[in-house]
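Chemist: Sharing a structure below in C-alpha cells format, with a few things to ask.
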Amino acid sequence: MSGLGLLAAGANVIMQLARPAVGYGVYESKVETGRLDRHPVKRTRTTLTYLAVASLATDEEKKLYRRAVNGSHKYVRSDENSAVEYNAFDPQLQLWVAACLYRGFEDVYKILYGDLDPVTQDAFYQRSATFGTTLQMRRDMWPADRDAFEVYWNENLGKVAIDETIREHLYGIASATFTPKLLHPVVGPFNRFVTTGFLPQVFRDEMRLPWSVRRQRNFDRSMRVAALVNRFSPKILRMFPYNFYLWDLRRRIAKGIPLV
C-alpha cells in the first residue's frame, strides 16, 4: 500500500469505467457527493478509505464500511432514461472493478519493488479478492488462480467500450480537471502522461490517447525515479495516505461520524 501508487489512480479509474455499465453507473450517479468532478475531496476520501479498509482493516471495520457504502450504492441503478442497464450491487460488475484494482496494484508493485516470486505473487493475488468481497462479490467468484484470472481478464477486455460521453468524462479525470484551475497547465499534462503510461494499450485505444516509443522511454525513466523515492522513504510516509484514511475511519467509527 504505497502512496506513490496513486500515480496510477487515473488509469485504474479509466479501466474500471471502460465497462459501459460501470462507466454510466458513475456518470449518471444520483449520489451528488460521490462525483469526483464535483466533489473531488470527498470522493477521494471515500475511495481511498475503501482501498485502505479492503486491504488493511479488520472484518468488523469492513462490515461497517460495506454498510455505509451500500447506503450510497442503493441509489446507483439505471432507470428508463439510462443509456445502459446497471446496478451498483451487481456482483459481476464488482468483480470487474476488483480485477482492475488487482491489476493496477500488481503493476504498481512491480514498478516500485520489482518482480515477485511465484509464491508471493500467488498470495498477493489471493488477498486481492478483498477488493470485491468487501462489498457484494462472493469469494467463489474470484478466479481460482492467476492463470484463471488471465482467462477472465482477456475475455472481459472484449467487453471494454468507451463512447464519446464516457470518453469526455474520463478525459477530464486523466487531465485532472477536478483540481484547482490554477494548477491545470502543470498538473493536467503530467497526469495525462502518467495515466496513459499505466494504461494497457486496449484502453489507450478506446480513450484515443496517443503513445510512442519515446513517451514509453520517458515514462519508464519517471517510474525509476518514483521507485527510488519510494525505496528511501520511511514506511509511515510510503503508506500515506492509506494509513491516514484508516486512522480517519477508526476516528469516525469511535465518534459516530458518517463513514462516507
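In terms of our numbering, the numbers along the sequence shown are unbroken and rise by one, the last being 261.
Glycine included, every Cβ here is placed at the ideal spot set by N, Cα and C.
Just so it is clear, the structure is predicted and the values come from calculations on it, not from any experiment.
1) Kindly give me the distance between the Cβ atoms of residue 123 and residue 147, rounded to whole angstroms, as I take these residues to be in contact under 8 Å.
2) Figure out for me which residue from 98, 207 and 101 has the closest Cα to the Cα of residue 169.
3) Ordered along the chain, which non-local residues of its own chain (more than five positions away) have a Cβ less than 6 Å from that of residue 97?
4) Nearest by alpha-carbon distance to residue 13: which of 183, 85, 40 and 171 is it?
5) Output the residue ranges of the alpha helix (DSSP H) runs that lie fully inside the segment 194-251 and measure 4 residues or longer, sorted by chain position.
6) Do residue 188 and residue 220 have their C-beta atoms within less than 9 Å of each other?
7) Go to residue 164, then tell me how far its alpha helix (DSSP H) extends in each direction, as first and last residue.
8) Relative to the C-alpha of residue 150, which residue among 126, 165, 159 and 261 is closest?
9) Within the same chain, show all residues whose beta-carbon is closer than 6 Å to that of residue 134, passing over the 5 residues directly before and after it, in chain order.
10) Exposed or buried, residue 53, counting other C-beta atoms within 10 Å across all chains shown (16 or more means buried)?
11) Tell me whether residue 239 is buried or exposed, calling it buried when 16 or more other Cβ atoms sit within 10 Å of its Cβ.
12) Going residue by residue through the segment 138-191, where are the continuous alpha helix (DSSP H) segments of at least 4 residues, counting only ones entirely within it?
13) Between which two residues does the alpha helix (DSSP H) containing residue 41 stretch?
14) To which residues of the same chain is residue 241 closer than 7 Å at the C-beta, ignoring the five residues directly before and after it?
15) Is residue 136 near residue 26, with beta carbons less than 9 Å apart?
16) So, does the segment 222-233 touch the segment 109-116, judging by three or more C-beta pairs under 8 Å?
17) Below 8 Å on the Cβ atoms is my contact criterion, and I expect residue 174 with residue 37 to pass it. Report the Cβ-Cβ distance as a whole number of Å.
18) Using the rule of at least 16 other Cβ atoms within 10 Å of the residue's Cβ for burial, across every protein chain shown, is residue 76 buried or exposed?
19) Based on the DSSP secondary-structure assignment, which residues constitute the bridge partners of residue 71?
20) In three-state DSSP terms, what is residue 20?
21) What is the rounded straight-line gap between the Cα of residue 82 and the Cα of residue 128?
22) Going by Cα to Cα distance, which pick from 74, 107, 237 and 84 is closest to residue 92?
23) Residue 15: which of 203, 40 and 119 sits nearest, CA to CA?
24) At the level of alpha carbons, what is the spacing between residue 57 and residue 254?
Modeler: If we stick to the structure as given:
1) 7 Å
2) 207
3) 20
4) 171
5) Counting whole runs of 4 or more residues, the segment 194-251 contains the alpha helix (DSSP H) stretches 202-208, 214-232 and 236-239.
6) no
7) Here residue 164 belongs to no alpha helix (DSSP H), and DSSP marks it neither H nor E.
8) 126
9) 140
10) Under this definition residue 53 is a buried residue.
11) buried
12) 147-158 and 165-175
13) 41-57
14) 4
15) no
16) yes
17) 7 Å between Cβ atoms; contact.
18) exposed
19) Paired residues: none, contrary to the question.
20) coil
21) For residue 82 and residue 128, the gap between their C-alpha atoms comes out near 38 Å.
22) 74
23) Closest by alpha carbon: 203.
24) Whole-angstrom Cα-Cα distance: 16 Å.
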